[in-house]
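Single-structure report; data block below.
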Ligand code: KG4
Ligand code: ZN
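Numbering (the numbering used here), first residue to last: 2 to 340.
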């Protein structure tokens with residue numbers, strides 16, 4: 002405890018960010034340190050799992066020290082709970098966070114809680130909006146997942162739909178690579194699309210069966226590739242901003258349509274956005290307009306809380322601990338972990 006507040010340490014290492022945060026009473030961020038490996042993986046055009054694990058291992062102790070220091074010179078004695086992502090993610094990367102959390106818990110006696118990374122993304126909203134409580138509808142859009150879920154309680158949700166192939170962030174990253182924008186694709190396409198015309202190059206909107214809340218994004222890469230090859234063969238110069246804007250508009254139209262369909266079907270009057278693609282400026286604007294016209298309250302965390310961070314894991318751990326208690330030192334790491 003510190004100043005009468007319950008202190009949770011949140012550890013996140015499921016992909017290419019080594020991130021540790023300190024959160025008070027599950028809602029107040031005291032520190033949120035994110036050590037990104039983007040520069041390292043950019044050379045390879047995407048995350049190399051083995052390299053990610055090694056860098057987590059090299060950085061995690063320093064990130065921990067920094068997180069405690071930035072929270073107001075805290076020490077482990079002030080920490081009441083350790084929360085850690087234990088899946089889903091790159092298994093070698095998840096293991097580093099879990100092993101660190103278990104070692105800290107074993108050495109200090111601080112209770113330990115494993116957090117599903119996707120619950121973490123949803124929980125970023127509790128940090129941004131102190132009064133937000135379940136139930137609500139959530140659109141989870143990240144590099145590994147695309148889901149519409151009905152969040153019924155802090156630690157419970159019902160999956161309404163998900164992707165049948167690629168995640169939406171994966172589609173962004175793949176298409177960005179094809180058109181030479183590099184890694185990570187999402188933020189680059191987001192920025193480049195602002196200069197383009199979303200009507201100039203048309204990509205299909207893949208809605209699947211009538212009324213389905215599932216998604217499919219794998220065909221978009223092929224569409225982009227075919228378009229680029231066709232243009233090159235015809236000797237025409239590629240307009241990268243127009244391609245980005247058209248591609249992004251196809252994704253946004255599908256996400257907004259399905260989110261509104263889910264809201265209609267569940268009667269939800271609150272929609273929460275979660276995950277890295279939730280940082281996308283055009284998606285946020287489009288959701289804002291769609292929600293406004295239907296009287297749905299929209300929750301969009303600050304971009305830094307949309308992408309991977311330790312604070313969201315701390316918040317999710319705080320509520321899980323209250324409802325289910327601690328995990329023991331047998332806590333395992335999982336590449337796949339259902340919601
Ligand atoms: O949630 P996240 O940080 O990690 C996973 O759990 O996957 O999401 C990373 C994904 C990447 O695919 C990245 O390209 C995408 O989120 N992303 C964006 C934006 N910022 C990050 N996609 C579109 N627009 C953005 N501004
Ligand atoms: Zn994530």
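Every residue, glycine too, gets a C-beta built ideally from N, C-alpha and C.
As the structure is a prediction and not an experimental result, all values here were calculated from the model.
Under the three-state reduction of DSSP output, residue 85 falls in the strand class. Proximity of the region 15-23 to the region 51-71 meets the contact definition, three or more beta-carbon pairs being nearer than 8 Å. If you compare the alpha carbons of 194, 6, 305, 272 with that of residue 138, the shortest gap goes to 272. Residue pairing of residue 34 in beta bridges, as defined by DSSP: 21.
The three-state secondary structure of residue 292, taken from DSSP, is helix. For residue 226, the uninterrupted alpha helix (DSSP H) run begins and ends at 219-234, by DSSP. When DSSP states are grouped into helix, strand and coil, residue 243 belongs to the helix group. When DSSP assignments are scanned along the region 48-80, the uninterrupted stretches of alpha helix (DSSP H) that are 4 or more residues long and fall wholly within it turn out to be 50-71.
DSSP, reduced to helix, strand and coil, places residue 319 within a helical segment of the structure shown.
At least one heavy atom of the ligand ZN sits closer than 6 Å to the Cβ of residue 143. For the pair residue 225 and residue 181, the Cα-to-Cα distance works out to about 12 Å. The shortest CA-to-CA distance from residue 332 to any of 117, 38, 6, 63 is the one to 117.
Per the C-alpha coordinates, the member of 328, 316, 322, 324 positioned closest to residue 130 is 316.
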